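*Asks:* Residue numbers (my numbering), protein chains in the order written: chain A, 1 to 216; chain B, 217 to 432.
Protein chains: 2
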Amino acid sequence: MYLIGLIEDDLQLRKTMENYISLQQDLSLVFSCNRIEKWISIRQDAGIVPDCILLDIGLPGISGLDAISIISSYYPGVKILVISGIEDPLVAWQAMMNGANGFLLKPFRLAEMQKQLEILKSGGTVLEPETMTGLIQTARNRFNNQDSLERFQEFGLTQREVQVAELLVAGSSYKEISTILNVSYTTVNEHVKNMYKKVKVNSKMAFINRVSIMKS
Amino acid sequence: MYLIGLIEDDLQLRKTMENYISLQQDLSLVFSCNRIEKWISIRQDAGIVPDCILLDIGLPGISGLDAISIISSYYPGVKILVISGIEDPLVAWQAMMNGANGFLLKPFRLAEMQKQLEILKSGGTVLEPETMTGLIQTARNRFNNQDSLERFQEFGLTQREVQVAELLVAGSSYKEISTILNVSYTTVNEHVKNMYKKVKVNSKMAFINRVSIMKS
DNA sequence: AGCTTTTTCCCTTAAACTAGGGATAAGGCT
DNA sequence: AGCCTTATCCCTAGTTTAAGGGAAAAAGCT
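#1: Using a Cβ-Cβ distance under 8 Å, would N209 of chain A count as near chain B?
#2: Extract the residue ranges of the alpha helix (DSSP H) inside the stretch 104 to 175 of chain A, only unbroken runs of 4 or more that lie entirely within it.
#3: Are there 16 or more other CB atoms within 10 angstroms of the CB of T349 of chain B, so buried, or fewer, so exposed?
#4: I'd like the list of long-range same chain contacts for S300 of chain B, defined as Cβ closer than 8 Å, with 5 residues on each side in sequence excluded.
#5: Starting from the C-beta of S122 of chain A, find all residues in its chain whose C-beta is less than 7 Å away, skip the five residues before and the five after it, and write them out in chain order.
#6: Compare the C-beta of L343 of chain B against all C-beta atoms of chain A and say whether one is closer than 8 Å.
#7: May I ask you to report which of helix, strand or coil DSSP gives V49 of chain A?
#8: Spatial neighbours of S400 of chain B within its chain, please: C-beta separation below 8 Å, excluding the five flanking residues on both sides.
#9: On a CA-only basis, which of A:Q114, A:V188 and A:L23 is nearest V162 of chain A? Give me that one, please.
#10: Do we get a CB-CB distance below 8 Å when we pair G221 of chain B with the residues of chain A?
#11: Please name the residue, chosen from A:N141, A:S203 and A:P76, that lies closest to G387 of chain B on a Cα-to-Cα basis.
#12: Any idea which residues DSSP pairs K295 of chain B with across the strands?
#13: Work out the CA separation of V199 of chain A and K38 of chain A for me, nearest whole Å.
#14: From T131 of chain A to I237 of chain B, what distance separates their C-alpha atoms?
#15: Taking the C-alpha atoms as reference points, what is the distance between M17 of chain A and A111 of chain A?
#16: With H, G and I counted as helix, E and B as strand and the rest as coil, what does DSSP make of G246 of chain A?
#17: Can you list the residues of chain A that A355 of chain B reaches, using a CB-CB cut of under 7 Å?
#18: Output needed for V126 of chain A: all residues of its chain with C-beta closer than 7 Å, excluding positions within five of it in sequence on either side, in chain order.
#19: Is V183 of chain A helix, strand or coil when you go by DSSP?
#20: Any idea if I396 of chain B is buried or exposed, counting beta-carbon neighbours within 10 angstroms, 16 or more meaning buried?
#21: Any idea which residues DSSP pairs F423 of chain B with across the strands?
#22: What three-state label does DSSP hand V417 of chain B in the structure shown?
#23: State the Cα-Cα distance for the pair L168 of chain A and F324 of chain B, rounded to the nearest angstrom.
#24: Would DSSP call I57 of chain A helix, strand or coil?
#25: Roughly how many angstroms lie between the CA atoms of V78 of chain A and I7 of chain A, to the nearest whole one?
#26: Closer than 8 Å, CB to CB, is E382 of chain B near chain A or not?
#27: Would you give the residue range spanned by the alpha helix (DSSP H) that I21 of chain A belongs to?
#28: If you measure between the beta carbons of V417 of chain B and V380 of chain B, is that distance less than 8 Å?
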């Protein structure tokens, strides 16, 4: 019997998955919730530790990518099968590096999900061929000692923005950055605004987590 | 029609593979030799560039790993499916990083080989589940850092503080953390104050840079 | 000559964070 | 019983970030 936990915010999909899992002889659902925060707050009392958690990383609130680290730090043995609607290779890479054991791209077939669960159970790892290609490519890029400049530039940041980004990630305040780069405070603010738009975030933390998770 | 090249020193296996390939409607063998040096010397005259090369990396002479780099520098578009008797994850890792597009562990079934060829053809990448696990693990070792829980506890944070720290580093605001942990905003603020004192910092960024390591 | 991108600057408001003060209650240790 | 740790809560004041508005010079491209 394989114990499954489910974290998925799409109610319909969750119900479908719950239903499918309950119909399988060798699978058993031990919890099901819509957000990682929920799981963090209930895990103490929950008692039963699942063998595998199906985790949607397109959740509101805490990024699913961080959720992976959190889950595997609590339960190193738990397998994490990531479900994502995002096709970005970088996301898959970060998920796997954070400790995921598999990656399913939405929409997927339930039979495909079960196949992956089977393989996870036996200690293997499966990714869909396209995901795999992106992952290997990303690994190659990083392995070949790409520096931070290029990494930031992947997101289309300009030279100046990269400078600001580096200082920001290093922990400098706007004021400090303005002194270092010899521009005004508002200019720094301006660059930050533009950077955030480009990488589609709206806070420093989100920016950091998005842009500098892995340092090669 | 998918054009295949074969480099394999085990004569018996090569003959078996040649035979199998010739029987497939959609595959066509354009060359077959026992060593990479052979291919280097004949490729000029050969004329026909294959779509995919099946390459044994347990060859005498030039290491198959180097062969991968050599081949892909000559023909960047050619897919390379590595065949290996060695189960070392490091070998698979190096092969993939050098530019291989797939990895088959000996002994393998010819149907499995064909399945992989199909996927390579469409731009995907497949690895056997066990190989994949080893590969991801190797990647993690190379890029990743130790897990968060231990890291936080090294600084003498209490259980509750570790929870707050994780959420904070994950990008949650005090307000969000207070909702998740079901305590008041001021309590979160309180924990943060204590955390900062313990690790001797006075800002979130400094905290992150202190506890999340490894940027060499 | 007109358009886009990059860089610079300003004002303003709201939200989030930092840090000082003080307080209560449960549990452990001496 | 007294002390320490952990965890909870409140108030307040100052700092830092985030995001909206608008503006202008320089470089490059068509």
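Beta carbons are placed, not taken as given, at the ideal position from N, Cα and C, and that holds for glycine. Predicted, not measured: the structure shown is a model, and the values here were computed from it.
*Replies:* To lay it out plainly:
#1: yes
#2: 110 to 121, 129 to 143, 148 to 153 and 159 to 170
#3: buried
#4: D272, I273, G274, G280, V307, A308, A311, F319, L320, L321 and K322
#5: none
#6: yes
#7: coil
#8: S394
#9: A:V188
#10: no
#11: A:S203
#12: B:C268
#13: 27 Å
#14: 28 Å
#15: 11 Å
#16: Limits of chain A in this structure are 1 at one end and 216 at the other, which puts residue 246 of chain A out of reach.
#17: M97 and A139
#18: G102, Q116 and I119
#19: coil
#20: buried
#21: DSSP lists no partner for F423 of chain B.
#22: coil
#23: 51 Å
#24: coil
#25: 14 Å
#26: yes
#27: L11 to L23
#28: no
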